[in-house]
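These notes are about the structure you will find just below.
In mature numbering (1 follows the signal peptide of the UniProt record, and there is no 0), the protein residues as written are -25 to -1, 1 to 504.
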């Protein structure tokens, strides 16, 4: 998705207040300048002498006493406006932006999803030019001899397809109406009576035949902690920009050998709001570890930290308002530049471009309306700060970082910001290859292995690169979940269980390898060899 509509969040009365403030500021500043003492005048005279070697004459705008007073006036006005913005405008703007409103649901009626494969560089350029049309979304990147998935709004769909036909570029219409595809993806929410029955019989309303709202997820985490206190601990790590709680689930038997530090694995999902399959898979893994007694060894020898939804605000927004929303939901009100910027009001930051690892580089945007907007600075978002702080606090034990995304069925290893391979690339690939081979044995699904630049695109400020480069977690992976483009981000809920079974099998493979590696280390240390 290339961006969101540009709009302004300030009402007319607020703009009137700003204008009135400018007038007051200018008047006040002029009075300040006119009452300047003799010392100031002396400085002005010195400035007029041209201390930089100029003769100080000529009556130019930057010459003599007048320009000095003009500069005084400018500084006074700027100072007053800066104070007014910090004290008045920013709080009001934030209040307006964050006011609870019922937004109109975004409709994708008659939006089309098309697939195209450029076969030469000219076709790549043609498709890239076409993708700049208003409202066109790029789901999969445009690359030579690779599949590109594009969403076309009805306003340009006919012209775009005509353009491709004229250029003799072959394409396939995957969906002629995305709104229908969205409606088919997730069964209707159960009624209150059905929810009550579920809670009465199971103790919770979580199921794996549909995608759930964020509150359902939090309720399930609470259920696990209350019913399995010997295995599950909830660790609040912070809040989102809209105030939602972020809770990490720690799964551990608590049993450990004396003087042995248990290794740990981190799993997160939902960094991108529209990728619903990621939180669902994380929840499935959680359920198996806690409720299935056959996996007690995995829990006794390894601690598991799972955050099913990183981008809770965006995830909820994708359920209530815009199914294809990607970013967080923060509103930038932190600088006067933002106040006057025409892009003000484009909400959200791409949380997978906001990490302090080559932040703001390749594959990231400085445009707040872009879907890859990296934020005003690294770790500008409370979500990324919360996760990074937790990872740093536990960096001595976390040996695997695994972040779930969709789509394309890939198992990616760092680095993502460069084509240069990591020094221990072969070590990471060895475990990843074991994981993908075990996945294939479940239902025959094939996952591509490699780095993001080699398989998808280069990107900077990502969580996987940061986890390896800054937190020092050796085995850092991004898993792009199914499918390969038939459904894209709209993977039907009926695919949750088969997908989750596959991924859990792959994760178990990696964790068992970590257990062997640590066992070998313990043996070596005990024998002194």
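All residues carry an ideal CB built from backbone N, CA and C; glycine is no exception.
In the DSSP assignment, find the unbroken alpha helix (DSSP H) run with residue 289 in it and report its ends.
In the chain shown, counting from the first residue as 1, residue 289 sits at position 314. Counting along the chain, the alpha helix (DSSP H) containing residue 289 begins and ends at 287 to 295.
So is residue 104 buried or exposed if we call it buried at 16+ other beta carbons inside 10 Å?
As a position in the chain shown, residue 104 is number 129, starting the count at 1. Residue 104 comes out exposed.
Excluding five sequence neighbours on each side, which residues of the same chain lie with their C-beta closer than 6 angstroms to the C-beta of residue 133?
Within the chain shown, numbered from 1, the residue matching residue 133 stands at position 158. Closer than 6 angstroms at the Cβ level, and outside the excluded window around residue 133, lies no residue.
Looking at C-alpha atoms only, which residue of 421, 452, 430, 116 is the closest neighbour of residue 244?
Along the chain shown, read from residue 1 onward, the residue named residue 244 stands at position 269. That would be 452, whose Cα lies nearest to the Cα of residue 244.
With distances taken between CB atoms, is the gap from residue 306 to residue 189 smaller than 8 angstroms?
Mapped onto the chain shown, residue 306 falls at position 331. Mapped onto the chain shown, residue 189 falls at position 214. No, the Cβ-Cβ distance between residue 306 and residue 189 is not below 8 angstroms.
For the ligand HEM, is there any heavy atom lying closer than 7 angstroms to the beta carbon of residue 251?
Absence of the ligand HEM from the depicted structure is noted, as is the absence of any ligand whatsoever, leaving it without description.
Residue span of the beta strand (DSSP E) that contains residue 381, given as start and end
As a working mapping, residue 381 is identified with position 406 in the chain shown. Where residue 381 is concerned, the enclosing beta strand (DSSP E) stretches over 373 to 381.
Quick one: what does DSSP say residue 39 is sitting in, helix, strand or coil?
Counting from one through the chain shown, the residue named residue 39 turns up at place 64. Residue placement at residue 39 is poorly supported in this model, since its pLDDT is 36, which falls under 50; the coordinates still yield a value, given next. Coil, per DSSP.
Identify the continuous alpha helix (DSSP H) that holds residue 386 and give its terminal residues.
In the chain shown, residue 386 corresponds to position 411, counting from 1. Counting along the chain, no alpha helix (DSSP H) covers residue 386; the unbroken beta strand (DSSP E) around it starts and ends at 385 to 388.
Relative to the C-alpha of residue 445, which candidate in 426, 369, 424 has its C-alpha closest?
Here residue 445 corresponds to residue number 470 of the chain shown, with the count starting at 1. Ranking the options by Cα distance to residue 445, first place goes to 369.
Around the C-beta of residue 222, are 16 or more other C-beta atoms found within 10 angstroms, so that it is buried, or is it exposed?
Numbered from its first residue, the chain shown carries residue 222 at position 247. Around the C-beta of residue 222, 16 or more other C-beta atoms lie within 10 Å, and the residue is accordingly described as buried.
Using CA atoms only, rank isn't needed, just tell me which of 468, 278, 485 is closest to residue 227.
Locating residue 227 in the chain shown gives position 252, where the first residue counts as 1. Closest by alpha carbon: 278.
Could you name the residues of the same chain whose beta carbon sits closer than 7 angstroms to that of residue 442, not counting the 5 residues immediately before and after it, in chain order?
One-based indexing of the chain shown puts residue 442 at position 467. Closer than 7 angstroms at the Cβ level, and outside the excluded window around residue 442, lie 366, 376, 448, 451.
Would you mind sorting residue 160 into buried or exposed? The rule is 16 or more other CB atoms within 10 Å of its CB.
Within the chain shown, numbered from 1, the residue matching residue 160 stands at position 185. With at least 16 other beta carbons inside 10 angstroms of its own, residue 160 counts as buried.
Residue 410 and residue 390 - do their beta-carbons sit closer together than 8 angstroms?
Counting from one through the chain shown, the residue named residue 390 turns up at place 415. Counting from one through the chain shown, the residue named residue 410 turns up at place 435. No, Cβ-Cβ distance for residue 390 and residue 410 is not below 8 angstroms.
Opposing strand residues paired with residue 150 [DSSP bridges]
Against the chain shown, residue 150 aligns to sequence position 175. Paired residues: 88.
Option in 98, 109, 128 with minimal Cα separation from residue 119
Indexing the chain shown from 1 puts residue 119 at position 144. It is 98.
Please tell me whether residue 144 and residue 91 are closer than 8 angstroms, where the distance is taken between their beta carbons.
One-based indexing of the chain shown puts residue 144 at position 169. One-based indexing of the chain shown puts residue 91 at position 116. Taking 8 angstroms as the Cβ cut-off, residue 144 and residue 91 qualify as a contacting pair.
Please state whether DSSP places residue 488 in a helix, a strand or coil.
Within the chain shown, residue 488 is the residue found at index 513, counting from 1. In the three-state reduction of the DSSP assignment, residue 488 falls in the helix class, which pools H, G and I.
Spatially closest choice to residue 86 from 430, 359, 100, 124, by CA coordinates
The residue you call residue 86 lines up with position 111 of the chain shown. Of the listed residues, the one whose Cα sits closest to residue 86 is 124.
Could you tell me which uninterrupted alpha helix (DSSP H) segments, each at least 4 residues in length, are contained entirely in the region 161 to 208, listed from first to last along the chain?
Correct list: 167 to 177, 189 to 202.
Apart from the five residues just before and just after residue 396, which ones in its own chain have a Cβ nearer than 8 angstroms to its Cβ?
Taking the chain shown and counting its residues from 1, one reaches residue 396 at position 421. These residues qualify, in order along the chain: 390, 426.
Return the CA-CA distance between residue 121 and residue 240, expressed in angstroms with no decimal places.
Numbered from its first residue, the chain shown carries residue 121 at position 146. Numbered from its first residue, the chain shown carries residue 240 at position 265. Looking at the two C-alpha atoms, the distance is approximately 33 angstroms.
Take residue 465 and list the residues in its own chain whose beta-carbon comes closer than 7 angstroms to its own, dropping the five residues that flank it on each side.
Within the chain shown, numbered from 1, the residue matching residue 465 stands at position 490. Apart from the 5 residues on each side of it in sequence, residue 465 sits with its Cβ closer than 7 angstroms to the Cβ of 156, 157, 160 in its chain, given in chain order.
Tell me, please, which residues DSSP counts as bridged to residue 432.
The residue labelled residue 432 in the question sits at position 457 within the chain shown. Checking the DSSP bridge columns, you'll see residue 432 has no partner listed.
In chain order, what residues of the same chain lie with their CB nearer than 7 angstroms to the CB of residue 88, ignoring the 5 residues before and after it?
Position 113 of the chain shown, counting from 1, holds the residue named residue 88. So the qualifying residues of the chain are 124, 126, 149, 150, 153, 463.
Nearest-angstrom Cβ-Cβ length linking residue 356 and residue 379, presumed shorter than 8 angstroms:
Here residue 356 is taken as the residue at index 381 of the chain shown, counted from 1. Here residue 379 is taken as the residue at index 404 of the chain shown, counted from 1. That pair is no contact at about 19 angstroms.
Count the other C-beta atoms from every protein chain shown that fall within 10 angstroms of the C-beta of residue 303, then say buried if there are 16 or more, exposed otherwise.
Looking up residue 303 in the chain shown gives position 328. It is buried - the Cβ of residue 303 has at least 16 other Cβ atoms within 10 Å.
Classify residue 423 as helix, strand or coil using the three-state DSSP reduction.
Numbered from 1 along the chain shown, position 448 holds the residue referred to as residue 423. Strand.
Report buried or exposed for residue 112, applying the criterion of at least 16 other Cβ atoms within 10 angstroms of its Cβ.
As a working mapping, residue 112 is identified with position 137 in the chain shown. The residue is buried, with at least 16 neighbouring Cβ atoms inside 10 Å.
Option in 258, 142, 130 with minimal Cα separation from residue 225:
Within the chain shown, the letter at position 250 stands for residue 225. Distances from the alpha-carbon of residue 225 to those of 258, 142, 130 put 258 closest.
Using a Cβ-Cβ cut-off of 8 angstroms (strictly less than) and excluding sequence neighbours within five positions of residue 477, which residues of its own chain qualify?
On the chain shown, position 502 is the one that residue 477 refers to. Around residue 477: 414, 417, 418, 420.
Take residue 455 as the anchor and find which of 407, 469, 267 has the nearest alpha-carbon.
Residue 455 sits at position 480 when you count from the first residue of the chain shown. With distances taken between CA atoms, residue 455 lies nearest to 407 out of 407, 469, 267.
What separation, rounded to the nearest whole angstrom, lies between the Cα atoms of residue 470 and residue 182?
Within the chain shown, residue 470 is the residue found at index 495, counting from 1. Within the chain shown, residue 182 is the residue found at index 207, counting from 1. Roughly 13 angstroms between the two C-alpha positions.
For residue 488 and residue 321, what's the separation of their Cα atoms in angstroms?
Within the chain shown, residue 488 is the residue found at index 513, counting from 1. Within the chain shown, residue 321 is the residue found at index 346, counting from 1. Distance between the alpha carbons of residue 488 and residue 321 is about 44 angstroms.
In whole angstroms, give me the CA-to-CA distance for residue 311 and residue 130.
Here residue 311 corresponds to residue number 336 of the chain shown, with the count starting at 1. Here residue 130 corresponds to residue number 155 of the chain shown, with the count starting at 1. Confidence at residue 311 is low in this model, with a pLDDT of 32, below 50, so the placement of that residue is unreliable and no value is reported for it.
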